[in-house]
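Engineer:
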Amino acid sequence: MKKLWNGRFKDHAAGWIEEFGASISFDQELVMEDLQGSLAHVEMLKECGIISEDDADQIIGGLKSLKAKAERNELQYDVANEDIHLNIEKMLIETIGPVGGKVHTGRSRNDQVATDMHLYLKKQVEAIINEIEIFQEVLMVKASGHIETIAPGYTHLQRAQPISFAHHLMAYFWMLERDKERYQDSLKRIDLSPLGAGALAGTTFPIDRQMTAEKLGFSDLYQNSLDAVSDRDFIIEFLSNSSILIMHLSRFAEEVILWASQEFQFIELHDSYSTGSSIMPQKKNPDMAELIRGKTGRVYGHLIGMLTILKGLPLAYNKDMQEDKEGMFDTVKTIRTSLKVFTGMIDTMSVNVQRLWDTVKKDFSNATELADYLAAKGIPFREAHEIVGKLVLKCIEEGKFLSDVNLEEFKESCPLIEENIYDVLTPEQAVKRRNSYGGTGFEQIKLQLKQAEKALNKE
Ligand code: ARG
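So for the sequence shown, the working numbering puts the first residue at 2; every next one is plus one.
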């Protein structure tokens with residue numbers, strides 16, 4: 002088959018070599034962006050008088066008919082035409098004749114592909130931001146219903162201090178808030194037009210880059226044509242922002258998996274977010290959470306892949322850069338589906354309030370309350386810590402908890418302890434009294450939810 006770049010060639014590559022070099026199997030994902038970019042380019046060529054109105058109108062008509070076909074999924078791609086750009090140009094020429102070849106006036110595939118990628122990523126990042134917000138709203142609603150649900154808080158996965166379950170959920174809200182801000186900030190660098198950079202050096206045609214940028218909805222232009230065609234750091238930034246986001250999701254997933262286990266039983270996942278076992282009839286597995294935890298690996302992999310591809314590449318375009326796409330597409334898909342699945346999973350899970358409650362009643366996570374109680378009575382905290390530590394050890398040896406210690410025994414440990422200690426030791430008091438800003442105290446959580454509401458409405 003005749004290539005669009007065949008002039009200086011005497012021979013042609015075997016089909017399997019062509020296939021190795023081709024990207025059409027995956028870059029067809031960019032078809033809409035490619036058509037959008039070409040339309041803006043041709044309109045500009047027309048308005049700048051670089052091609053005749055008549056030629057431009059024919060090309061615009063051809064591109065629009067291809068767009069309509071693309072929307073109906075009717076375009077037939079050919080691997081012999083290598084990539085989405087050459088496939089579309091070839092189809093255009095087949096549709097309207099040789100005048101279609103004028104679409105590539107003053108342009109190169111190098112600025113064309115970069116433009117497509119910027120358009121694509123801008124749209125996807127905006128969608129991701131929106132999906133993060135939907136998840137945040139679900140977290141807020143869940144948290145609002147569990148302000149007074151007391152749960153064990155952990156450090157080292159050992160019971161540490163009781164907390165409100167809402168507080169735990171809201172910790173993820175704020176991680177997501179920062180993830181969202183990172184994506185928002187990155188838009189500044191994605192929202193740039195490389196179009197008009199040509200192959201690497203600009204063009205001799207009197208093009209208007211500002212005009213194409215405006216037509217495509219970009220806020221600004223790349224200032225250097227070499228940089229415009231060889232920059233992929235906007236993709237690296239996307240992959241690294243996505244790596245941080247999915248790391249957060251993975252931590253949350255791990256907790257969901259623990260919470261749903263027989264050992265914890267803090268939550269029950271809805272059947273629609275769980276699977277059974279083909280052999281063990283009793284099983285209800287948290288597959289979705291496990292998968293999200295697992296998918297973290299591929300997102301990190303794509304980040305490392307992209308960093309490695311660019312490392313040491315001389316300016317400007319190199320074919321290595323064709324490897325920028327699959328990781329980006331896969332990351333977009335992974336992040337978007339993971340967010341959606343997680344949102345539904347949290348929305349539909351039920352929280353085992355009684356179990357959480359029973360758990361905090363039978364542990365030593367109120368030991369800090371006793372130490373703080375003594376410190377508040379003027380005993381240096383370090384001494385208070387020692388007194389309580391000894392008492393905890395005694396309780397463990399006698400098989401009881403601090404609330405089972407009678408007043409006489411308490412007074413043996415420290416004569417300053419009074420009857421009101423029993424109230425102080427209850428989990429609800431332990432939570433309620435942690436009223437420092439950002440703490441787990443009920444009043445603080447209510448304030449936190451207000452701040453969260455503000456953060457969500459700020460844009
Ligand atoms: N398919 C190519 C890519 O994705 C498009 C740019 C090709 N440019 C070139 N000079 N071969 O990178």
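Glycine included, every Cβ here is placed at the ideal spot set by N, Cα and C.
Tell me the DSSP secondary structure of N458 in three-state form.
Structural biologist: Taking the sequence shown and counting its residues from 1, one reaches residue 458 at position 457. Helix at N458.
Engineer: Quick one: complete alpha helix (DSSP H) runs, 4+ long, within the region 12–81?
Structural biologist: Segments of the alpha helix (DSSP H) lying fully in the region 12–81: 16–22, 25–28, 32–48, 54–72.
Engineer: How about M171 and Q449: are their beta carbons less than 8 Å apart?
Structural biologist: Against the sequence shown, residue 171 aligns to sequence position 170. Against the sequence shown, residue 449 aligns to sequence position 448. For M171 and Q449, yes; Cβs fall inside 8 Å.
Engineer: Determine the direct distance from the alpha carbon of S24 to that of G203, and round the result to whole angstroms.
Structural biologist: As a working mapping, residue 203 is identified with position 202 in the sequence shown. As a working mapping, residue 24 is identified with position 23 in the sequence shown. Going by the C-alpha atoms only, they are around 25 Å apart.
Engineer: For M307, count the other beta carbons within 10 Å of its own beta carbon; 16 or more makes it buried, fewer makes it exposed. Which is it?
Structural biologist: As a working note, residue 307 is residue 306 in the sequence shown. Result: buried.
Engineer: Buried or exposed: where does N436 fall if 16 or more other Cβ atoms within 10 Å of its Cβ makes it buried?
Structural biologist: Here residue 436 refers to the residue found at position 435 when the sequence shown is read from its first residue. N436 is exposed by the Cβ-count criterion.
Engineer: Would A317 and V432 be called neighbours here (beta carbons separated by less than 8 Å)?
Structural biologist: By 1-based counting over the sequence shown, the position of residue 317 is 316. By 1-based counting over the sequence shown, the position of residue 432 is 431. Taking 8 Å as the Cβ cut-off, A317 and V432 do not qualify as a contacting pair.
Engineer: Thinking I208 and M45 are a contact (beta carbons under 8 Å), I'd like their distance in whole angstroms, please.
Structural biologist: Looking up residue 208 in the sequence shown gives position 207. Looking up residue 45 in the sequence shown gives position 44. Between M45 and I208 the Cβ distance is about 6 Å, and since that is below 8 Å, they are a contact.
Engineer: For S109, which residues of its own chain have a beta-carbon under 6 Å away from its beta-carbon, when the five flanking residues on both sides are left out?
Structural biologist: For the purposes of this step, residue 109 is taken as the residue at position 108 of the sequence shown. Excluding residues within five positions, the ones whose Cβ falls inside 6 Å are G199, A200.
Engineer: Going by CA-CA distance only, name the one from K216, H303, F402 that's closest to V1.
Structural biologist: Residue 1 lies beyond the residue range present for the chain, which begins at 2 and ends at 460; the question has no answer from this structure.
Engineer: Name the DSSP beta bridge partners of L222, please?
Structural biologist: Position 221 of the sequence shown, counting from 1, holds the residue named residue 222. Partner(s): S194.
Engineer: Rounding to the nearest angstrom, what Cα-Cα distance links F382 and D405 in this structure?
Structural biologist: Taking the first residue of the sequence shown as position 1, residue 382 is located at position 381. Taking the first residue of the sequence shown as position 1, residue 405 is located at position 404. When rounded, the distance between both Cα atoms is 23 Å.
Engineer: With a threshold of 8 Å on Cβ separation, who are the neighbours of L188 within its own chain once the five nearest residues in sequence on each side are excluded?
Structural biologist: Working through the sequence shown from its first residue, we reach residue 188 at position 187. Taken in chain order, the residues that qualify are K123, V126, E127.
Engineer: For the structure I just gave you, are there three or more beta carbon pairs, one from the region 208–219 and one from the region 150–161, closer than 8 Å?
Structural biologist: Short answer: they don't touch.
Engineer: Flag S24 as yes when its Cβ comes closer than 7 Å to any non-hydrogen atom of the ligand ARG, and as no otherwise.
Structural biologist: In the sequence shown, counting from the first residue as 1, residue 24 sits at position 23. Yes, since a heavy atom of the ligand ARG falls inside the 7 Å radius drawn around the Cβ of S24.
Engineer: Quick check: is any heavy atom of the ligand ARG less than 7 Å from the C-beta of Y121?
Structural biologist: Against the sequence shown, residue 121 aligns to sequence position 120. Because no heavy atom of the ligand ARG lies under 7 Å away, the Cβ of Y121 does not count as near it: no.
Engineer: Quick check: does the Cβ of R110 come within less than 7 Å of any heavy atom belonging to the ligand ARG?
Structural biologist: Reading the sequence shown from its first residue, position 109 is the one you call residue 110. True, at least one ligand heavy atom lies under 7 Å from that Cβ.
Engineer: Does the beta-carbon distance from I293 to S339 come in below 8 Å?
Structural biologist: The sequence position of residue 293 within the sequence shown is 292, counting from 1. The sequence position of residue 339 within the sequence shown is 338, counting from 1. Contact: yes.
Engineer: Apply the 10 Å Cβ neighbour rule to T335 and answer buried if 16 or more other Cβ atoms are within range, or exposed otherwise.
Structural biologist: Residue numbering aside, residue 335 sits at position 334 when the sequence shown is read from its first letter. Buried, because 16 or more other Cβ atoms sit within 10 Å of the Cβ of T335.
Engineer: Who are the Cβ neighbours of T369 in its own chain at under 6 Å, not counting the five residues just before and after it?
Structural biologist: Taking the first residue of the sequence shown as position 1, residue 369 is located at position 368. Cβ neighbours of T369 beyond the five flanking positions: Q162.
Engineer: Take every Cβ of the region 70–77, pair it with every Cβ of the region 39–56, and state whether three or more of those distances are shorter than 8 Å.
Structural biologist: Contact between the region 70–77 and the region 39–56 is absent, because fewer than three Cβ pairs lie under 8 Å.
Engineer: Tell me whether D84 counts as near the ligand ARG, meaning its Cβ is closer than 7 Å to at least one heavy atom of that ligand.
Structural biologist: On the sequence shown, residue 84 is found 83 positions in, with the first residue counted as 1. Answer for D84: yes, Cβ within range of the ligand ARG.
Engineer: With respect to the alpha helix (DSSP H) encompassing G390, which residues constitute its N-terminal and C-terminal limits?
Structural biologist: Taking the sequence shown and counting its residues from 1, one reaches residue 390 at position 389. Element bounds for G390: 382–399.
Engineer: When the Cβ atoms of the region 409–419 are set against those of the region 385–396, are three or more pairs found closer than 8 Å?
Structural biologist: Flag = yes, the region 409–419 and the region 385–396 touch.
Engineer: Our contact map puts Y184 next to I135 with C-beta atoms below 8 Å; I'd like the distance itself, whole angstroms only.
Structural biologist: Along the sequence shown, read from residue 1 onward, the residue named residue 184 stands at position 183. Along the sequence shown, read from residue 1 onward, the residue named residue 135 stands at position 134. Actually they are not in contact, since the Cβ atoms of Y184 and I135 sit about 14 Å apart, beyond 8 Å.
Engineer: By a C-beta neighbour count over all protein chains shown, 10 Å radius and 16 as the cutoff for buried, is S90 buried or exposed?
Structural biologist: Residue numbering aside, residue 90 sits at position 89 when the sequence shown is read from its first letter. Note on identity: in this sequence residue 90 is Glu, with Ser being the wrong assignment. E90 comes out buried.
Engineer: Just confirm the distance between the C-beta atoms of L426 and N367, as a whole number of angstroms; I'd bet it's less than 8 Å.
Structural biologist: In the sequence shown, counting from the first residue as 1, residue 426 sits at position 425. In the sequence shown, counting from the first residue as 1, residue 367 sits at position 366. Rounded, the Cβ-Cβ distance is 5 Å, consistent with contact.
Engineer: Going straight from the alpha carbon of F265 to that of N286, what length do you get?
Structural biologist: Counting from 1 along the sequence shown, the entry for residue 265 is found at position 264. Counting from 1 along the sequence shown, the entry for residue 286 is found at position 285. For F265 and N286, the distance between alpha carbons rounds to 14 Å.
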